[in-house]
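Reminder that position 21 of the sequence shown reads as 21 in the UniProt record's numbering, one-by-one numbering, no gaps.
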Amino acid sequence: GIYFRFASYINNYMVLQKEPAGAVIWGFGTPGATVVVTLCQGQDIIMKKVTNVKAPSNSWIVVLDPMKAGGPYEVMAQQTLGTMNVTLEVHDVLFGDVWLCSGQSNMQMTVLQVFNATQELSNTAAYQSIRIFSVALRQAGQELEDLDAVDLPWSKPTSENLGHGNFTYMSAVCWLFGRYLYDTLQYPVGLISSSWGGTPIEAWSSGRSLKVCGVLKRRKSMKEECKRDVSWSIPPDSVTGPREHSVLWNAMIHPLQNMTLKGVVWYQGESNMDYNRDLYNCTFPALIEDWRQTFHRGSQGQTERFFPFGFVQLSSYLPVSMSDYGFPEIRWHQTADFGSVPNLMMPGAFMAVAMDLCDRDSPFGSIHPRDKQTVAYRLHLGARAVAYGEKNLTFQGPLPKKIELLTSSGLLNLTYDQQIQVQGQDNIFEISCCSDHQCKWLPSPMNTFSIHILTLDISSCPGTVAALRYAWTTWPCEYKKCPVYHSSSTLPAPPFIAFITDQAPGH
Ligand SMILES: *[C@@H]1O[C@H](CO)[C@@H](O)[C@H](O)[C@H]1NC(C)=O
Ligand SMILES: *[C@@H]1O[C@H](CO)[C@@H](O)[C@H](O)[C@H]1NC(C)=O
Ligand SMILES: *[C@@H]1O[C@H](CO)[C@@H](O)[C@H](O)[C@H]1NC(C)=O
Ligand SMILES: *[C@@H]1O[C@H](CO)[C@@H](O)[C@H](O)[C@H]1NC(C)=O
Ligand SMILES: *[C@@H]1O[C@H](CO)[C@@H](O)[C@H](O)[C@H]1NC(C)=O
Ligand SMILES: *[C@@H]1O[C@H](CO)[C@@H](O)[C@H](O)[C@H]1NC(C)=O
Ligand SMILES: *[C@@H]1O[C@H](CO)[C@@H](O)[C@H](O)[C@H]1NC(C)=O
1 GIYFRFASYI NNYMVLQKEP AGAVIWGFGT PGATVVVTLC QGQDIIMKKV
51 TNVKAPSNSW IVVLDPMKAG GPYEVMAQQT LGTMNVTLEV HDVLFGDVWL
101 CSGQSNMQMT VLQVFNATQE LSNTAAYQSI RIFSVALRQA GQELEDLDAV
151 DLPWSKPTSE NLGHGNFTYM SAVCWLFGRY LYDTLQYPVG LISSSWGGTP
201 IEAWSSGRSL KVCGVLKRRK SMKEECKRDV SWSIPPDSVT GPREHSVLWN
251 AMIHPLQNMT LKGVVWYQGE SNMDYNRDLY NCTFPALIED WRQTFHRGSQ
301 GQTERFFPFG FVQLSSYLPV SMSDYGFPEI RWHQTADFGS VPNLMMPGAF
351 MAVAMDLCDR DSPFGSIHPR DKQTVAYRLH LGARAVAYGE KNLTFQGPLP
401 KKIELLTSSG LLNLTYDQQI QVQGQDNIFE ISCCSDHQCK WLPSPMNTFS
451 IHILTLDISS CPGTVAALRY AWTTWPCEYK KCPVYHSSST LPAPPFIAFI
501 TDQAPGH
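What follows is the structure in structure tokens.
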């Protein structure tokens, strides 16, 4: 018969999603057999769920009653059919919040590769209630029902499995994000990393979501052309992965769909700076929507329909070519062209701005900055505000609220929604200056500032000012030295582009 087993990602030391959702336990077995799933704590039976194995999928699935955070528990599954009677058990299971981390190499980078690695790796004893899991790198032409392979089964964190190698496991952003969250939550956190370097968003997207955005199927003949694109744009010391559409969705995400999750964090976009870049403002929101639908349905409605989705806005790097084309556009498109999240297109989203965390000396190439602590810290602030509803928490930097042209004095007043802290740097604000139906970008130096308002000099523009943009380059500033931050939280103002339609003076 078909052998009786749990899904590949149900094993000792796992974290199951806590209340108010119910955790899903599932696996494979012999069609028609009865499966009894029992949750125990020592000698105590906490609950029993009975189901049977369905054909033709040969799978069984139960939803546990919602459980408070804590543990450890044992989960037993017993299959009986006629005289056959097989029992499986996993132990040291905790209930807490389960986060899935995905993306490309900046998500894949391990704790071994970040700044202060030795210190970060030695610091695991206090975090034994955070459990980690890493999906193996696999691609598939069709949606898989279960993971084909696992790099790191559910484990307690150790310096060995957190710093296993370069670009292997465990994801540093994922780990550090979970660790900051744990410091606040003080209950178990489960972290699943499923990421692969050098991969475009299309590889992580289902056919459904690509269709929404009119993304054409990649033709085989384009393969070579795209390979050339890659070598042009990505430093030679970088990692590369599959670029075919949907192959990582199929093998590394879809198999997880039955699991109850708290949310997802995502760090991807570098591989789209020269591939379907202008569609990223559709493909990213579409991926979020599709993952939300899929996980909600797969978990029998237990994973929230609009679960929180956090992401890291691209950091910076030193381009091989002189062209800056790509990064500013992707950063903007990561917000669906709103400049910040959550927004109408991206409800329940949160973002860590990282453009000021550059690292020109990174041994992994400047595209892989080593300060992942700040990335994860900013990300966890977003999670606390958006996913956990913490009130009165500053989780993002200043956002532009109003632009006033003071034409008579050759100035522009930019009002932010927060108190600002400004450090001088020219050429980071630019105005689109138009005359004779021609527009060009000119630097707009900072003149003065007050608590909320930054005054820019626009006197170099003899015509009309049609737009204003901020930090619209691949490498906008040196490490933690962008011009505009929140006055006390050290959160940077995100990059933006704004079109000025009302040319009346003073508006
Ligand atoms: C299966 O075996 C277990 C002991 O391993 C026993 O407690 C249980 O009653 C058996 N179930 C059936 C249906 O035979
Ligand atoms: C999810 O559970 C269903 C049973 O409800 C099963 O058929 C399927 O194989 C499971 N896995 C995936 C990836 O859908
Ligand atoms: C990881 O990369 C660094 C920098 O290139 C190198 O010194 C180190 O030996 C690598 N570690 C492993 C385990 O490959
Ligand atoms: C996405 O960005 C492109 C290029 O900037 C633009 O032409 C398009 O209108 C945008 N689409 C959406 C849905 O915002
Ligand atoms: C590395 O450790 C030093 C000393 O504790 C600290 O000042 C610095 O902020 C740390 N770097 C990062 C990126 O966390
Ligand atoms: C919000 O936090 C600030 C300081 O961070 C504090 O001054 C203020 O009283 C708080 N407001 C509320 C409503 O808690
Ligand atoms: C413009 O901003 C400056 C501070 O940078 C402020 O002193 C001035 O009053 C503002 N002007 C207007 C018209 O709001």
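In this text, a Cβ means the ideal position worked out from N, Cα and C, and glycines have one as well. Keep in mind it's a predicted model, so treat the numbers as computed, not measured.
Check whether residue i and residue j have beta carbons under 7 Å apart
i: PRO483; j: GLN419; result: no
i: ASP151; j: TYR169; result: yes
i: GLY163; j: VAL111; result: yes
i: LEU357; j: THR374; result: yes
i: SER195; j: GLY103; result: yes
i: TRP60; j: GLY29; result: yes
i: residue 519; j: CYS433; result: Outside the displayed range of the chain (1 to 507) lies residue 519, so it cannot be described from this structure.
i: residue 520; j: LEU176; result: No answer is possible for residue 520: the residues shown for the chain start at 1 and end at 507.
i: LEU314; j: ILE288; result: no
i: TRP26; j: ASN250; result: no
i: ASN413; j: ILE453; result: yes
i: VAL90; j: VAL62; result: no
i: GLN108; j: TYR73; result: no
i: LEU379; j: ALA354; result: no
i: PRO347; j: PHE306; result: yes
i: LEU491; j: GLY397; result: yes
i: LYS372; j: VAL114; result: yes
i: residue 508; j: TRP154; result: Residue 508 lies beyond the stretch modelled for the chain, which goes from 1 to 507, so this question has no answer here.
i: ASP417; j: LEU399; result: yes
i: LEU261; j: PHE309; result: no
i: VAL93; j: GLY70; result: no
i: PHE167; j: GLY198; result: no
i: residue 522; j: THR51; result: The shown model of the chain, from 1 to 507, leaves out residue 522, and the question about it has no answer.
i: LEU393; j: ALA385; result: yes
i: ASN272; j: PRO369; result: no
Span of the alpha helix (DSSP H) around residue i
i: GLY197; result: Careful: GLY197 lies outside any alpha helix (DSSP H) and carries neither H nor E.
i: TRP291; result: 280-298
i: ARG179; result: 172-185
i: PRO153; result: Careful: PRO153 lies outside any alpha helix (DSSP H), inside the beta strand (DSSP E) at 150-155.
i: THR374; result: 372-382
i: GLY207; result: 207-212
i: LEU121; result: 117-121
i: ARG331; result: 327-333
i: SER246; result: Here SER246 belongs to no alpha helix (DSSP H), and DSSP marks it neither H nor E.
i: LEU162; result: 159-162
Where the beta strand (DSSP E) through residue i begins and ends
i: TRP99; result: 84-103
i: LEU454; result: 453-457
i: GLU74; result: 70-81
i: LEU16; result: 15-17
i: SER134; result: 130-135
i: SER59; result: 59-63
i: VAL312; result: 309-312
i: PHE496; result: 496-499
i: TRP266; result: 263-267
i: MET351; result: 349-352
i: HIS486; result: 484-486
Original post:
Is the stretch 243-258 touching the stretch 134-154, taking contact as three or more C-beta pairs under 8 Å?
Top reply: yes
Subject >> contact_flag[the stretch 92-104, the stretch 186-198] where n(CB pairs < 8 Å) is 3 or more >> reply: yes
Subject >> Sequence-ordered residues whose beta carbon comes within less than 6 Å of a heavy atom of ligand 2 >> reply: TRP26, SER57, SER59, ILE61, GLU145, HIS254, PRO255, GLN257, ASN258 and GLY298
**OP:** Ignoring anything shorter than 3 residues or poking outside the stretch 20-55, list the beta strand (DSSP E) runs there in chain order.
**Re:** 24-28, 34-41 and 44-52
Subject >> Under 6 Å, CB to nearest heavy atom of ligand 3: contacting residues >> reply: GLY165, ASN166 and PRO363
Original post:
Does the stretch 450-463 come close enough to the stretch 471-481 that 3 or more CB-CB pairs lie under 8 Å?
Top reply: no
**OP:** Would you list, in sequence order, the uninterrupted beta strand (DSSP E) runs of no fewer than 3 residues that lie entirely inside the stretch 403-463?
**Re:** 411-416, 420-422, 429-435, 438-443, 446-449 and 453-457
**OP:** Measuring from each Cβ to the nearest heavy atom of ligand 5, keep the ones under 6 Å and list them in chain order.
**Re:** PHE115, ASN116, ASP371 and GLN373
Subject >> Contact between the stretch 278-293 and the stretch 441-449 (3+ Cβ pairs under 8 Å) >> reply: no
Subject >> Touching by the beta-carbon criterion (3+ pairs, under 8 Å), the stretch 201-208 and the stretch 287-303 >> reply: yes
Original post:
Which residues have a Cβ closer than 6 Å to any heavy atom of ligand 4, listed in chain order?
Top reply: ASP278, ASN281, CYS282 and ASP337
Original post:
Just the residues with CB closer than 7 Å to a heavy atom of ligand 1, in chain order, which are they?
Top reply: GLN78, THR80, ASN85 and THR87
**OP:** Specify whether the stretch 300-320 and the stretch 116-131 touch according to this definition: at least 3 beta carbon pairs, one from each stretch, less than 8 Å apart.
**Re:** no
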